[in-house]
Amino acid sequence: MTIKKYTAIVNLSLFITLGCISNVVFSADEKRLNDCLLSELKVSADGVSVKQLYLLCEKKLSEHEVTNNPVKIGVISRRIIQERKTEFDPYVLTPHKMNYILPVLMTDNINKGAYHDFSEWSDNLEDIESKFQISLKVPMNHEDIFVKGDALFFGFTLKSWWQIYSDNISKPFRETNYQPEMFYLAPLEWHPLGGNTGVMIGLEHQSNGRTQLLSRSWNRAYLNFLYEKDNFALSFRPWFRLSEDDKLNESDAEGDDNPDIGDYMGHFELSAIYKTADYEFSIQGRQNFSEHHGGVELGFTFPLWGRLRGYAQFTKGYGESLIDYNHDQQRFGLGIALTNVL
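With the working numbering, the residue at position 272 of the sequence shown is 267, and numbering never jumps.
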């Protein structure tokens, strides 16, 4: 063993030890990862980087035996493993949903009807605007709650549509949606077709922060079934809308702003994602079969340079935003993905 390699082993061992002394709590999976790192470093060739060792050990630990059948982790599990390395680091923000900026978002039918009582806006809205989404989550537990690997999170998603090309109305933010939620995530001991499953249970509020005639909001409880196999992931998320009191008249501040939102947004969301080394394809759909209303969103990310990735988005149907929940349109946007879906 060379002096260089011996020094690397000592340094890595010291790092792990100091991590434990500094109240960094390692789970069983993290302990196996650390043991693998030390073991591989002892037999690796000179010049192998720590990053390469991490990737090698993660690959080795990704395969385990379940009822004598080999089961590999998929794209969802790989993301969770990466997040758990830094989720309690105060200098790291953990993404929840996708984070992106679309400087150009075009529509074939801008929703002027929602603003008919605000003629200055409705007469000057442009068919081209910008859109961005910021989505983060914070873990609420250090240890397992009910089963191994489960977790409780607080999440927050902000999505905004900016009329940046509307010179006649001072480029306002046409619509902003705020979505705080609390959800529980747990793996399931069910591995159909050699894949993995999990479940999310959550409560969420979504509103646009407006008053009276432009106010839109609703509260939902949801159950999200997750399935992954290799680079493919599937999500089925049915929900139940929590009821609100009816408004006495349209201008009341209290009461249900949009009692028919379920007719257009449906009662479930079905999503699928396929990821390669450089590209990610996603599709998300909602449907109310009795009313024949729904919506679909297609997404595609591709490499640009460094950490920046390009992002193309196409939506069709109802419910791209709360103000547009009952407005049918097609949209296409192009911009930058700050984080992938997975």
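Cβ coordinates follow ideal geometry from the N, Cα and C atoms, glycine included.
Residue i burial status per 10 Å Cβ neighbour count (16 or more: buried)
i, result
"residue 13", "Residue confidence for residue 13 is low, a pLDDT of 39 falling below 50, so the modelled location carries little weight; the figure read from the coordinates is stated next. That one is exposed."
"residue 271", "exposed"
"residue 300", "exposed"
"residue 260", "buried"
"residue 95", "buried"
"residue 248", "exposed"
"residue 105", "buried"
"residue 19", "Interpretation of residue 19 is limited by its pLDDT of 40, a score under 50 that renders its predicted location unreliable; the figure taken from the coordinates is listed afterwards. Exposed, because fewer than 16 other Cβ atoms sit within 10 Å of the Cβ of residue 19."
"residue 160", "exposed"
"residue 289", "buried"
"residue 178", "buried"
"residue 189", "exposed"
The alpha helix (DSSP H) enclosing residue i, as first and last residue numbers
i, result
"residue 304", "Here residue 304 belongs to no alpha helix (DSSP H); instead the beta strand (DSSP E) covers 303 to 312."
"residue 258", "256 to 260"
"residue 78", "70 to 79"
"residue 117", "114 to 117"
Distance, residue j Cα to residue i Cα
i, j, result
"residue 203", "residue 127", "15 Å"
"residue 170", "residue 33", "52 Å"
"residue 330", "residue 243", "43 Å"
"residue 97", "residue 31", "42 Å"
"residue 254", "residue 233", "18 Å"
"residue 92", "residue 152", "7 Å"
"residue 305", "residue 332", "6 Å"
"residue 269", "residue 198", "27 Å"
"residue 291", "residue 86", "36 Å"
"residue 282", "residue 173", "22 Å"
"residue 206", "residue 180", "34 Å"
"residue 219", "residue 162", "42 Å"
"residue 323", "residue 315", "9 Å"
"residue 122", "residue 146", "42 Å"
"residue 223", "residue 274", "17 Å"
"residue 62", "residue 321", "At residue 62, the pLDDT of 41 sits below 50, so the modelled position is not reliable and the matter cannot be decided from this model."
"residue 182", "residue 302", "30 Å"
"residue 130", "residue 257", "24 Å"
"residue 89", "residue 142", "22 Å"
"residue 279", "residue 267", "7 Å"
"residue 228", "residue 277", "9 Å"
"residue 70", "residue 221", "11 Å"
"residue 297", "residue 328", "14 Å"
"residue 377", "residue 264", "The chain is shown only over -4 to 337; residue 377 falls outside these bounds and no answer can be derived."
"residue 74", "residue 241", "42 Å"
"residue 192", "residue 184", "7 Å"
"residue 135", "residue 84", "13 Å"
Run of the beta strand (DSSP E) containing residue i, from where it starts to where it stops
i, result
"residue 194", "191 to 202"
"residue 300", "288 to 300"
"residue 230", "227 to 236"
"residue 330", "324 to 334"
"residue 269", "263 to 270"
Identity of the residues DSSP links to residue i by a beta bridge
i, result
"residue 124", "100"
"residue 282", "289"
"residue 217", "197 and 234"
"residue 131", "90 and 151"
"residue 222", "192 and 229"
"residue 212", "202"
"residue 276", "269 and 295"
"residue 95", "128 and 332"
Check: residue i C-beta below 6 Å from any heavy atom of the ligand FMN
i, result
"residue 315", "This structure simply doesn't include the ligand FMN, nor any ligand for that matter."
Any beta strand (DSSP E) of 3 or more consecutive residues that is wholly inside the stretch 135 to 191 = 146 to 157 and 168 to 183
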